[in-house]
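Input: a single structure, listed below in structure tokens.
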Amino acid sequence: MSRRIAHARQALSTTATPAGGSAATRAADSTADSTADSTTGSTAGEGAPRAPHRYRARFGALAAGALPVLAFPAPGQAWLAWVGLVPGLLLMQRAPSGREASVRGWWFGAGFILTAMYWLVPSIGPGLPVLAVLFGALQGAVGYAVHRLLRPALTTRRALLALLVVPAVWVTTEYARSWPALGGPWALLGATQWQHPAVLGLASAGGIWLVSAAIAAVNTAVLIVLTAVHRRPRAVAALTAVLLLAAGPLLFALRQAPVRTGAVTVALVQPGIVEDPQARFDASARATAALVGQPLDLVVWGESSTAADLDHDPVTLDALRRLAATTGAEIMAGEDARKADGRISKDAVLVSPGGVVDRYRKIRLVPFGEYIPLRPALGWIAGVSRAAGENRAPGSAFHVLPAIDRAGGPLPVGALICFESTFPDMARTAARDGARVLVYQSSTSTFQHTWAPEQHVALAAIRAAETGRPAVQASLTGVSAAFDAQGRELARLGTDRTGALTVRLPLTAPGTLTWYDRVGDVVPLGALLVTAAALGGWRSRASRRSAQLPAV
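Taken in order, the sequence shown gives residues 279 to 830; the numbers are from the working numbering.
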């Protein structure tokens with residue numbers, strides 16, 4: 279029967295030269311779509327690839343997924359992001375069917391996750407391959423889109439559609455895996471450009487999502503330039519790539535820089551690797567005491583810098599109050615303690631000479647690191663890794679901490695804890711709520727000699743550029759760093775150093791909002807609409823073609 283169906287489809291096909299936009303070309307595209315995506319119940323049918331060949335391509339896609347990770351910190355080859363997807367996209371483009379292209383996209387995504395997050399092995403052990411398979415499956419949609427739109431012979435019409443749809447599908451997959459319940463937005467493609475404030479001009483307009491979309495679109499354009507037979511698609515793709523590469527710097531140059539009104543001096547305390555909680559507190563206290571005499575407005579300690587519940591431990595609180603009095607600056611300590619209700623939580627606690635001013639409890643916890651999803655089913659992972667032995671208690675809502683500077687003026691601070699720096703919406707909320715400085719408390723000691731500390735600190739630069747706010751990160755073991763309102767690094771203390779980093783932060787005017795602050799996640803939401811429209815269109819065309827087939 280399958281052979282009779284194939285003959286029927288062949289009778290419906292139309293041959294045409296690939297001149298863009300003509301009716302004959304559209305008919306040829308439709309027939310090629312049908313042929314490329316048709317499948318039978320047997321993999322041994324005519325034209326089906328031999329298994330060894332198929333798996334060579336899939337393993338190639340797995341390896342290709344590792345390539346763009348080199349553009350992230352710590353390798354830091356940011357230029358590679360603009361072409362690093364091309365080998366994987368090429369394998370998807372040349373797949374014999376849409377289904378095989380989706381599988382290659384899946385393997386590509388798995389290779390990307392395995393490489394970008396290899397340092398999670400101590401935390402989740404055998405859970406990492408599972409994570410890679412699950413998240414990698416999202417990239418199957420990219421493979422299908424690439425195959426549908428970019429397979430030979432490529433027309434101008436399909437090239438234009440690909441330059442819109444492929445980046446939209448890529449951003450949609452990033453947005454999907456950024457859902458907090460799935461782990462959060464780590465290793466988004468746009469983060470590769472954290473050291474390039476000119477490119478981050480795009481982030482101030484559309485968040486990290488717009489940077490990711492631009493990078494995915496340039497990679498798509500490069501693939502078209504390399505593989506299109508005809509001149510017009512190549513010219514369209516080349517022009518698009520040039521415009522996208524210039525968009526960030528042009529926006530950075532033309533958009534008015536955030537208006538500066540004053541500055542504050544912030545000290546970031548980094549005690550280093552100290553396992554004992556009391557010894558860690560003492561090391562942070564010594565580094566803070568060494569700051570006495572300097573004109574400071576705020577002292578920030580790292581995440582988990584004290585294991586005491588400051589609401590019920592007067593001795594520890596008195597030590598922090600004395601440090602605040604002698605330095606002349608409020609101290610933001612990182613509390614990781616069991617509270618009166620018996621549950622452990624992580625809090626950013628603002629302490630003045632008078633005592634606890636306010637606290638913010640971490641809302642978005644690290645999956646497996648601070649809680650195990652579906653613990654009754656997955657709790658065994660804690661026995662074979664460093665996953666959380668018990669679930670931390672999350673906070674209920676974000677709020678700005680009402681710090682004051684050394685002159686007694688208001689210094690509202692958007693305090694977020696570690697993993698929360700990955701979420702663009704949380705920094706945006708802080709900016710809209712009036713925060714003038716973004717403060718991240720961090721601890722990455724488990725991943726000290728991996729790429730994780732550098733990947734993590736890069737996110738503070740992205741958040742600064744998105745919100746038009748200076749941002750600092752205080753890490754127990756490094757990297758501690760500070761960035762201005764456009765994401766430019768002002769100072770850093772690496773993982774090989776301890777002590778305190780003092781930096782002068784220029785402040786933007788109260789009420790200043792970037793385009794991203796105002797409009798939010800319109801880029802990923804637009805990408806979702808484009809992706810849904812493309813998928814709906816393909817399904818509709820497939821249904822119409824099936825209806826045109828003669829009964830057999």
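Ideal placement from N, C-alpha and C gives every residue a C-beta, glycine not left out.
Is it buried or exposed, residue i, if we count other Cβ atoms within 10 angstroms and call 16 or more buried?
i, result
"Pro404", "exposed"
"Gly632", "exposed"
"Tyr333", "exposed"
"Ser261", "The question about residue 261 has no answer here: the residues shown for the chain are numbered 279 through 830."
"His425", "buried"
"Ile551", "exposed"
"Phe337", "exposed"
"Asp575", "buried"
"Gly815", "exposed"
"Glu698", "buried"
"Glu613", "buried"
"Leu716", "buried"
"Pro511", "buried"
"Leu398", "buried"
"His727", "exposed"
"Gln534", "exposed"
Whose C-alpha, out of the options, is nearest the C-alpha of residue i?
i, options, result
"Ala671", "Arg714, Asp625 and Ala681", "Asp625"
"Asp636", "Asp596, Ala666, Leu398 and Ala693", "Ala693"
"Trp385", "Leu460, Arg822, Ala419 and Gly354", "Ala419"
"Ala685", "His677, Gly540 and Arg533", "Gly540"
"His590", "Phe676, Ala615 and Ser583", "Ala615"
"Gly354", "Ala469, Val800 and Leu340", "Ala469"
"Pro374", "Ala356, Ala388 and Arg429", "Arg429"
"Ala519", "Ala494, Gln534 and Arg533", "Ala494"
"Leu517", "Leu528, Ala531 and Val496", "Val496"
"Ala350", "Ser663, Val364 and Thr393", "In the sequence on display, residue 350 carries Phe and not Ala. Closest by alpha carbon: Thr393."
"Leu523", "Ala506, Gln471, Gln572 and Arg512", "Gln471"
"Asp762", "Gln751, Leu771, Asp774 and Ala739", "Ala739"
"Ser723", "Gly756, Arg710 and Gly798", "Gly756"
"Gln572", "Ala759, Phe530, Arg782 and Phe646", "Arg782"
DSSP on residue i, reduced to helix/strand/coil?
i, result
"Ser583", "coil"
"Ile402", "helix"
"Arg822", "helix"
"Phe646", "coil"
"Phe701", "coil"
"Arg287", "At Arg287 the pLDDT is 40, less than 50, meaning the model places this residue with poor confidence and gives no usable figure here."
"Asp795", "helix"
"Arg512", "helix"
"Val800", "helix"
"Arg332", "helix"
"Phe777", "First, the residue type needs correcting, since residue 777 is Gly and not Phe in the sequence shown. Of the three classes helix, strand and coil, the one that applies to Gly777 here is strand, per DSSP."
"Gln556", "helix"
"Ala812", "helix"
"Gly445", "For the sequence presented, residue 445 should be read as Pro rather than Gly. Pro445 falls in the helix class under three-state DSSP."
"Pro458", "helix"
"Gln417", "coil"
"Ala469", "helix"
"Arg747", "coil"
"Phe761", "strand"
"Thr707", "helix"
"Ala545", "strand"
"Ala410", "helix"
"Pro353", "coil"
Over the uninterrupted beta strand (DSSP E) stretch that includes residue i, give me the two end residues.
i, result
"Gln534", "Careful: Gln534 lies outside any beta strand (DSSP E) and carries neither H nor E."
"Val715", "Val715 to Ser720"
"Arg637", "Gly633 to Arg639"
"Ile486", "Run containing Ile486: none in the beta strand (DSSP E); it sits in the alpha helix (DSSP H), Gly479 to Thr505."
"Met395", "Counting along the chain, Met395 falls outside any beta strand (DSSP E), and DSSP gives it neither H nor E."
"Pro690", "Pro688 to Ile695"
"Pro374", "Pro374 -> no beta strand (DSSP E), and no H or E assigned at all."
"Pro430", "Premise fails: Pro430 is in no beta strand (DSSP E) and is neither H nor E."
Using a Cβ-Cβ cutoff of less than 6 Å, which residues in the same chain neighbour residue i once the five nearest sequence positions on both sides are dropped?
i, result
"Leu656", "Ile650"
"Ala812", "Val443"
"Gly421", "Met370, Ala379, Ser380, Arg382 and Gly383"
"Arg538", "Pro784"
"Arg714", "Pro690 and Leu785"
"Thr780", "Ala545"
"Val831", "Residue 831 is absent from the model: the chain starts at 279 and stops at 830."
"Ala602", "Glu608, Ile609, Val629, Ser630 and Pro631"
Here's a check: name, in chain order, each residue in its chain whose Cβ is nearer than 7 Å to the Cβ of residue i, leaving out the five neighbours to either side.
i, result
"Pro549", "Arg558, Ala561, Ser562, Ala565, Leu754 and Thr776"
"Thr605", "Thr566, Leu569, Val570, Leu574 and Val577"
Which residues bound the alpha helix (DSSP H) around residue i?
i, result
"Leu367", "Val364 to Gln371"
"Asp596", "Pro592 to Thr605"
"Ala660", "Ile659 to Val662"
Report all residues from its chain with a CB closer than 8 Å to the CB of residue i; omit the five preceding and five following residues, and keep chain order.
i, result
"Val503", "Arg512, Ala515, Ala516 and Ala519"
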